[in-house]
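Residue numbering for the sequence shown follows our numbering, beginning at 3 and increasing consecutively. All C-beta atoms in this analysis are idealised placements derived from N, C-alpha and C, irrespective of residue type, glycine included. Report on one structure; see the data block that follows.
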Amino acid sequence: MSRPVFRFAPSPNGHLHLGHAYSALLNFARAEAAGGRFLLRLEDIDTQRCTPAFERAIFEDLAWLGLAWEEPVRRQSEHLADHRAALESLADEGLVYPAFMSRGAARAHIAEAEADGTPWPRDPDGVPLYPAVDRQRADGERRRRMAAGEPFAWRLDMAAATARYGAGLDWQEAGAGPHGESGVVAARPQDWGDVVLARKETPTSYHLAVVVDDALQGVTDVVRGRDLFHATAVHRLLQEMLGLPAPRYEHHRLVLDASGHKLSKSRGDTGIAALRAAGAAPADIRRMVGLA
Ligand code: GLU
Numbered sequence: 003m004s005r006p007v008f009r010f011a012p013s014p015n016g017h018l019h020l021g022h023a024y025s026a027l028l029n030f031a032r033a034e035a036a037g038g039r040f041l042l043r044l045e046d047i048d049t050q051r052c053t054p055a056f057e058r059a060i061f062e063d064l065a066w067l068g069l070a071w072e073e074p075v076r077r078q079s080e081h082l083a084d085h086r087a088a089l090e091s092l093a094d095e096g097l098v099y100p101a102f103m104s105r106g107a108a109r110a111h112i113a114e115a116e117a118d119g120t121p122w123p124r125d126p127d128g129v130p131l132y133p134a135v136d137r138q139r140a141d142g143e144r145r146r147r148m149a150a151g152e153p154f155a156w157r158l159d160m161a162a163a164t165a166r167y168g169a170g171l172d173w174q175e176a177g178a179g180p181h182g183e184s185g186v187v188a189a190r191p192q193d194w195g196d197v198v199l200a201r202k203e204t205p206t207s208y209h210l211a212v213v214v215d216d217a218l219q220g221v222t223d224v225v226r227g228r229d230l231f232h233a234t235a236v237h238r239l240l241q242e243m244l245g246l247p248a249p250r251y252e253h254h255r256l257v258l259d260a261s262g263h264k265l266s267k268s269r270g271d272t273g274i275a276a277l278r279a280a281g282a283a284p285a286d287i288r289r290m291v292g293l294a
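Structure representation (structure tokens):
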């Protein structure tokens, strides 16, 4: 029987904090307990914000915590051809479209629609769904605007995608969702609307890259924060559309700060490097995240 494969997949756009340490340690422990493999993947498609210095700091922090991972480490930015191929297969099926509205234009469109008091639908993160305007454009206009060099993003035609691939979609949840969901969870990708799958300059987005890379790396068990619980619905839909296997999922609790908020990469006080510099030992970190 092949060994289960776990991965920790940080973005090198900041320093790791206690929340990352918890996720990495939990993945490592799960892999060890299952006799599985532990991979590290750098989710660095945002070349503006990801830097080699943050990457080095991630390696340093994780090694200091006592983790060991397989080499070579996969960098998403080195595999854009794989992501582009996946995008093209979805485009060939007519399930993506170029979306031209700027953030400001979308906001104005939504504000106008809400002016009469009707609330615009929001995704599970509370962000307004993308207006249908671009989805309804004629092919000729799309081609003309793309040829003219207008900026655009490739968005998933969610209605068409769920009509073709959304029936009976679910996933196996070993952790729990925000409302305690566990076991077999029904996926509701439609709650996200027409998500971005790629941009003009970058042939992928978080959703597309995570699904393609988990499959290419043979990941069997995705253990990650509860903040990504609802996004799993989009991932399951993409897996179905691309003919990729579904991993098992475990969405773990989040490590919160003293006031009950999610930690952020800009908050130095919960950064692993800062805690180390202040004299903390790896065992202290384990205790602080509740893993002692
Ligand atoms: N790169 C994502 C993050 O740093 C994690 C993605 C995942 O585990 O699926 O939040």
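Counting the other Cβ atoms within 10 Å of the Cβ of leucine 293 gives fewer than 16, which makes it exposed.
Serine 13 counts as buried, since at least 16 other C-beta atoms from the protein chains shown sit within 10 angstroms of its C-beta. Following the DSSP letters along the chain, one finds glycine 185 inside the beta strand (DSSP E) bounded by residues 185-188. Within the DSSP secondary-structure output, aspartate 94 pairs in no beta bridge. In this structure, leucine 20 keeps its C-beta atom at 8 Å or more from the C-beta atom of methionine 243. Within the stretch 257-281, there are no complete beta strand (DSSP E) runs of at least 3 residues. In this structure, the straight-line span from the alpha carbon of lysine 264 to that of arginine 255 is close to 11 Å. Taking 7 Å as the cut-off, the C-beta of serine 13 counts as close to a heavy atom of the ligand GLU. Following the DSSP letters along the chain, one finds glutamate 73 in no beta strand (DSSP E), marked with neither H nor E. Between the stretch 195-214 and the stretch 68-82 there are three or more C-beta pairs closer than 8 Å, enough to call the two in contact.
At a threshold of 7 Å, leucine 240 does not count as near the ligand GLU, since its beta carbon sits no closer than that to any of the ligand's heavy atoms. In the three-state reduction of the DSSP assignment, aspartate 63 falls in the helix class, which pools H, G and I.
Valine 212 carries a helical assignment under DSSP once its states are collapsed to helix, strand and coil. Aspartate 46 sits in coil when the DSSP states are folded into three classes, being neither helix nor strand. Within the model, the alpha-carbon separation for leucine 171 versus alanine 283 is close to 44 Å.
A direct Cα-Cα distance of roughly 30 Å separates arginine 77 from leucine 131.
Scanning the stretch 160-200 from its first residue to its last, the whole beta strand (DSSP E) runs of 3-plus residues come out as 172-175 and 185-188. Note that the C-beta distance between tyrosine 99 and aspartate 136 is below 8 Å. The shortest CA-to-CA distance from threonine 164 to any of Trp71, Val197 and Ser184 is the one to Val197. Distances from the CA of glycine 38 to each of His111, Ala161 and Asn29 were compared; the closest alpha carbon is that of Asn29.
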